[in-house]
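Q:
Protein chains: 2
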Amino acid sequence: MASEFEIIEQYFSFSNSNALGSASASSTVVGVGDDAACLKVGSEHLLVATDTLVSGVHFPADAEPVDIASRALNVNLSDFAAMGAVPQWLTLALTLPDNNEQWLSKFSASLARGCAKYGVSLVGGDTTRGPLTVTFTVMGVPITARTSAVNDDPSFTVPSLNSANCLRRSGAQAGDEVWVSGSLGKGAAALQMITQNHTARASWPITDRQRENLHAAFYAPVPQLRLGSALVGVASAAIDVSDGLLADAEHIASQSKVMLELNGDALPMHPALASLSDTVLAREWMLSGGDDYELFFTVPEKDHNKVVMLAKTVGVTCTLIGKVFDPAEYDAQYGERVILNGDGWTKPNEKGFKHF
Amino acid sequence: MASEFEIIEQYFSFSNSNALGSASASSTVVGVGDDAACLKVGSEHLLVATDTLVSGVHFPADAEPVDIASRALNVNLSDFAAMGAVPQWLTLALTLPDNNEQWLSKFSASLARGCAKYGVSLVGGDTTRGPLTVTFTVMGVPITARTSAVNDDPSFTVPSLNSANCLRRSGAQAGDEVWVSGSLGKGAAALQMITQNHTARASWPITDRQRENLHAAFYAPVPQLRLGSALVGVASAAIDVSDGLLADAEHIASQSKVMLELNGDALPMHPALASLSDTVLAREWMLSGGDDYELFFTVPEKDHNKVVMLAKTVGVTCTLIGKVFDPAEYDAQYGERVILNGDGWTKPNEKGFKHF
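Residue numbers (our numbering), protein chains in the order written: chain Y, 1 to 356; chain U, 1 to 356.
And the structure:
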């Protein structure tokens, strides 16, 4: 059965070529296949990202409306973080089984708080009757001196990275370093905790505090917007870890036409996974659990210290986890774009996507 | 139970005020509550409209993928027609119960044709697993001399209507004429034909040709984009007839703070309704059936002839169906924003929205 990536590639990339002679194809800077599309509106650039969350698939059917709103918003904003862009506007397509006023009131209050926190305006949308589904479309602009989250210096100008001045999946070069922000495995751990399936596979004592942390990591993942915008002009490629570290690494590798070598021993493990007796499972969660919403990015070796410094400025831990290679150097392993090294590390069979 | 309009008004209008201090509220020219939002991106204006179609609610569960794609796209483009704006880009959020390749192939081909026809590029989206739901977000720009669909004269400049140069729901003035494009009742007639419920209420002989016309009216409604853009600078307010003539007239009346008097005898009936023996039902379909995707607009009396001429240029029939009044003149009928006159015409109890 086709994966989501294959579906998009096969069926929904028709506007990426100019084959159909669309009048506006020339004004699309980045089309289908990155974290956000980048459009040229007159002389301005606009970034657009859409995400759908389906009840029972992306969150449990009994999830609280407050949690659904924050998860849907933050997951979408994470796409903007991966582009190093500044979110500004939001449309909401909300499909609801019934007009539950209490549900709507809680969802709306949570969404309003999120919008205020991240400086986003809800500008439109559609409400329909049907199975509970939330689709957000976030729009925003590339970072500029004015919108820079890290540089208060008014004379600061964003280094020109590409025409749209945003991070892409396709810019990684042989010799670049591979980095990841924060820690890995929390998305999968939270998912297991919430669905309580973990008890079947592992003994896993966690404290109430860790339980709260994981709940927050799942329902209000922090979009790394400040880090993303700080990386514009520094990182050669970036993506957010949503599908799973290996799956997202493959997106970077294939779109940049390079190979990535990751060092399993260097991967930053979320503290809640430390008490998990099944280390194979812990590694699986880090490698393919997804839903971590950290930034995975590549940087020219010469800019190593820049990353160290800007991570400190932004206040987000960043860890060097691998290196980029030219595929020609790896003839023997042709076909495998992401290599995993480290003591006893192997790729899990299943990459990305967990469903309820 | 709250209606869709009440839900939006009550729960999702929080960014319309600047109460939350959102950084970007000032860059939202039109927010929640019009056919499309209008945003200011740098020095440019951007229009955004979102529409969701749910299987079994907005189209029958057994509808063909070709039809679902064209209906979803055209309904969304109709919002742009109502703003007099030029659609350029599209994102698709597609929720599917399974990866049916044949379904995807047909849906994708139909969408590609629609995009080519209307000059729209598919720039991004999300595909997820779940109950069949299609959400389109169309983005575009206000009409300019360059994009004008009716004026080939390169010296043509669009008359300045408002800061965003697009049609709004809120500009109708006492004394204006009320017009509607095309014919009414076809959306409801098609819906009845498709669901075959009409047999229970009426004897209704229609030809195979009429059947085909109604099928097309439902699954590929023609967005009145050329008419909409021609009306920029002429019409004082506009909306597309999606919820039902009376319901949409009320949107114009309440947002313009005026009263509308409609003449039932003047309403243009779709030819397929002529053979319907139940004239009460035919009138109900015209008044509250919805899904007609015609433009309902108001025009200053002095510009009557302009409408006649531009309708001819664009090739769309436009009919004068009423007049705009100051609510103060109608003290006796306070509370009713839309008055329906004409021989034996009365408002049906139910306004707007039909579900499967």
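Note that the Cβ used here is the ideal one computed from N, Cα and C, for glycine as well.
Drop a sphere of 10 angstroms on the beta-carbon of U/Gly-182, count the other beta-carbons inside from all chains shown, and report buried for 16 or more, exposed for fewer.
A: If you number the second sequence from 1, residue 182 of chain U lands on position 182. The C-beta of U/Gly-182 has 16 or more other C-beta atoms within 10 Å across all chains shown, which makes the residue buried.
Q: Look at Y/Leu-111 and Y/Leu-184 and say whether their C-beta atoms are less than 9 Å apart.
A: The count along the first sequence starts at 1 and reaches residue 111 of chain Y at position 111. The count along the first sequence starts at 1 and reaches residue 184 of chain Y at position 184. No, they are not a contact pair.
Q: Answer yes if the region 51–60 of chain Y comes into contact with the region 115–132 of chain U, meaning at least three C-beta pairs across the two stretches below 8 Å, and no otherwise.
A: yes
Q: To the nearest angstrom, how far is it from the Cα of U/Ala-72 to the Cα of U/Leu-96?
A: One-based indexing of the second sequence puts residue 72 of chain U at position 72. One-based indexing of the second sequence puts residue 96 of chain U at position 96. Answer to the nearest angstrom: the Cα atoms are 15 Å apart.
Q: Within the chosen definition, does the region 255–275 of chain Y reach the region 318–328 of chain Y through at least 3 CB pairs nearer than 8 Å?
A: yes
Q: Check each candidate in U/Asp-98, U/Thr-133, U/Leu-94, U/Arg-226 and name the one with the smallest Cα separation from U/Gly-124.
A: Working through the second sequence from its first residue, we reach residue 124 of chain U at position 124. Taking only the C-alpha atoms, the option nearest U/Gly-124 is U/Leu-94.
Q: I need the DSSP call for U/Gly-264, collapsed to helix, strand or coil.
A: For the purposes of this step, residue 264 of chain U is taken as the residue at position 264 of the second sequence. Looking at U/Gly-264 - three-state DSSP - the assignment turns out to be helix.
Q: How would you call U/Met-309, buried or exposed, if buried means at least 16 neighbouring beta carbons within 10 angstroms?
A: Along the second sequence, one-based indexing puts residue 309 of chain U at 309. U/Met-309 comes out exposed.
Q: Since I believe U/Lys-106 is in contact with U/Pro-65 (beta carbons under 8 Å), could you give me their beta-carbon distance rounded to a whole number of angstroms?
A: Within the second sequence, the letter at position 65 stands for residue 65 of chain U. Within the second sequence, the letter at position 106 stands for residue 106 of chain U. Rounded, the Cβ-Cβ distance is 4 Å, consistent with contact.
Q: Are the region 187–196 of chain U and the region 43–55 of chain U touching by the rule of at least three beta carbon pairs closer than 8 Å?
A: Remark: fewer than three beta-carbon pairs, one from each stretch, lie closer than 8 Å, so the region 187–196 of chain U and the region 43–55 of chain U are not flagged as touching.
Q: Leaving out five residues on either side along the sequence, give the residues of the same chain with a beta carbon under 7 Å from the beta carbon of Y/Lys-186.
A: As a working mapping, residue 186 of chain Y is identified with position 186 in the first sequence. If we look at Y/Lys-186 and ignore the five residues flanking it on each side, its Cβ neighbours are Leu-214, Ala-217, His-270, Ala-272, Asp-292.
Q: When burial is assigned at 16 or more other CB atoms within 10 Å of the CB, is U/Asn-341 buried or exposed?
A: Along the second sequence, one-based indexing puts residue 341 of chain U at 341. That one is exposed.
Q: Can you grab the Cα-Cα spacing for the pair U/Pro-221 / Y/Trp-345, in whole Å?
A: Along the second sequence, read from residue 1 onward, the residue named residue 221 of chain U stands at position 221. Along the first sequence, read from residue 1 onward, the residue named residue 345 of chain Y stands at position 345. Each residue's alpha carbon lies about 56 Å from the other.
Q: May I ask which residues mark the beginning and end of the alpha helix (DSSP H) holding Y/Phe-107?
A: Taking the first sequence and counting its residues from 1, the one referred to as residue 107 of chain Y is at position 107. First-last of the alpha helix (DSSP H) with Y/Phe-107: 101–118.
Q: Are U/Ala-230 and U/Thr-144 close, meaning C-beta to C-beta below 9 Å?
A: Locating residue 230 of chain U in the second sequence gives position 230, where the first residue counts as 1. Locating residue 144 of chain U in the second sequence gives position 144, where the first residue counts as 1. The answer is no: Cβ separation not under 9 Å.
Q: Express the C-alpha separation of U/Ala-311 and U/His-304 in angstroms, rounding to a whole number.
A: One-based indexing of the second sequence puts residue 304 of chain U at position 304. One-based indexing of the second sequence puts residue 311 of chain U at position 311. One C-alpha to the other measures close to 11 Å.
Q: Cutting at 6 Å between CB atoms, please list the residues of its own chain near U/Asp-248, excluding the five before and the five after it.
A: Within the second sequence, residue 248 of chain U is the residue found at index 248, counting from 1. Ile-239, Val-241, Phe-296.
Q: Determine, using beta carbons only, whether U/Val-267 and U/Gly-228 come nearer to each other than 9 Å.
A: Here residue 267 of chain U refers to the residue found at position 267 when the second sequence is read from its first residue. Here residue 228 of chain U refers to the residue found at position 228 when the second sequence is read from its first residue. The identity of residue 267 of chain U in the sequence shown is Leu, whereas the question assumes Val. Result no, Cβ atoms of U/Leu-267 and U/Gly-228 do not sit closer than 9 Å.
Q: Compute the beta-carbon to beta-carbon distance between Y/Glu-301 and Y/Gly-175, rounded to the nearest angstrom, for a pair I have assumed lies under 8 Å.
A: Start at 1 with the first residue of the first sequence, and residue 301 of chain Y comes out as number 301. Start at 1 with the first residue of the first sequence, and residue 175 of chain Y comes out as number 175. Cβ atoms of Y/Glu-301 and Y/Gly-175 come within 8 Å of each other, at about 6 Å.
Q: So the candidates are U/Leu-92, U/Ala-36, U/Met-83, U/Val-75; which of them puts its Cα closest to the Cα of Y/Ile-7?
A: As a first step, residue 7 of chain Y is located in the first sequence; it is residue number 7 there, counting from the start. For the residues U/Leu-92, U/Ala-36, U/Met-83, U/Val-75, the minimum Cα distance to Y/Ile-7 belongs to U/Leu-92.
Q: Does U/Gln-210 pass the burial test, meaning 16 or more other C-beta atoms within 10 Å, or should it be called exposed?
A: Mapped onto the second sequence, residue 210 of chain U falls at position 210. By the 10 Å Cβ count, U/Gln-210 comes out buried.
Q: If U/Val-41 and U/Leu-90 are in contact, beta carbons under 8 Å, what's the gap, nearest whole angstrom?
A: Position 41 of the second sequence, counted from the first residue, corresponds to residue 41 of chain U. Position 90 of the second sequence, counted from the first residue, corresponds to residue 90 of chain U. U/Val-41 to U/Leu-90, Cβ: 17 Å. No contact.
Q: Just list the residues that DSSP pairs U/Val-48 with in beta bridges.
A: Locating residue 48 of chain U in the second sequence gives position 48, counting from the first residue. DSSP, once it has assigned bridges, lists U/Ala-37, U/Met-139 as partnering U/Val-48.
Q: What three-state label does DSSP hand Y/Asn-187 in the structure shown?
A: In the first sequence, residue 187 of chain Y corresponds to position 187, counting from 1. The sequence shown places Gly at residue 187 of chain Y, not Asn. Y/Gly-187: helix per DSSP, three-state reduction.
Q: Do you know how far the Cα of U/Gln-10 is from the Cα of U/Pro-348?
A: To locate residue 348 of chain U, count along the second sequence from 1; it is residue 348. To locate residue 10 of chain U, count along the second sequence from 1; it is residue 10. Each residue's alpha carbon lies about 26 Å from the other.
Q: Interface residues of chain Y around U/Met-259 at Cβ under 7 Å?
A: Along the second sequence, read from residue 1 onward, the residue named residue 259 of chain U stands at position 259. Here the premise fails: no neighbours, minimum Cβ distance about 27 Å.
Q: What does the alpha-carbon distance come out to for the pair U/Leu-320 and Y/Ser-236?
A: Residue mapping note: residue 320 of chain U aligns to position 320 of the second sequence, counting from 1. Residue mapping note: residue 236 of chain Y aligns to position 236 of the first sequence, counting from 1. Going by the C-alpha atoms only, they are around 60 Å apart.
Q: Whole angstroms are fine: how far does the CA of Y/Asn-263 sit from the CA of Y/Asp-343?
A: Along the first sequence, one-based indexing puts residue 343 of chain Y at 343. Along the first sequence, one-based indexing puts residue 263 of chain Y at 263. Near 9 Å, if we compare the C-alpha coordinates of Y/Asn-263 and Y/Asp-343.
Q: Please report how far the alpha carbon of Y/Gly-140 lies from the alpha carbon of Y/Phe-80, in whole angstroms.
A: Counting from one through the first sequence, the residue named residue 140 of chain Y turns up at place 140. Counting from one through the first sequence, the residue named residue 80 of chain Y turns up at place 80. Rounded to whole angstroms, Y/Gly-140 to Y/Phe-80 spans 8 Å at the Cα level.
Q: Is the CB of Y/Ser-55 under 9 Å away from at least one CB in chain U?
A: Numbered from 1 along the first sequence, position 55 holds the residue referred to as residue 55 of chain Y. True, the Cβ-Cβ gap to chain U drops below 9 Å.
Q: Just the chain Y side, please: which residues come within less than 9 Å of U/Cys-358 by C-beta, in chain order?
A: Within the shown structure, residues of chain U are numbered from 1 to 356, placing residue 358 of chain U beyond reach of any answer.
Q: What separation, rounded to the nearest whole angstrom, lies between the Cα atoms of U/Gly-289 and Y/Val-232?
A: Working through the second sequence from its first residue, we reach residue 289 of chain U at position 289. Working through the first sequence from its first residue, we reach residue 232 of chain Y at position 232. Approximately 51 Å between the Cα atoms of the pair.
Q: Of the residues that make up the region 56–70 of chain U, which ones have a beta carbon closer than 8 Å to any beta carbon in chain Y?
A: Gly-56, Val-57, His-58
Q: How many Å lie between Y/Val-316 and Y/Tyr-219 at the Cα?
A: Within the first sequence, residue 316 of chain Y is the residue found at index 316, counting from 1. Within the first sequence, residue 219 of chain Y is the residue found at index 219, counting from 1. Rounded to the nearest angstrom, the two C-alpha atoms are 20 Å apart.
Q: Provide the residue span of the beta strand (DSSP E) that contains Y/Phe-218, from first to last.
A: In the first sequence, residue 218 of chain Y corresponds to position 218, counting from 1. From DSSP, Y/Phe-218 is part of no beta strand (DSSP E) but of the alpha helix (DSSP H) over 208–219.
Q: Out of U/Arg-226, U/Leu-246, U/Gly-171, U/Trp-179, point me to the one whose CA is closest to U/Val-338's CA.
A: For the purposes of this step, residue 338 of chain U is identified with residue 338 of the second sequence, where counting begins at 1. Ranking the options by Cα distance to U/Val-338, first place goes to U/Leu-246.
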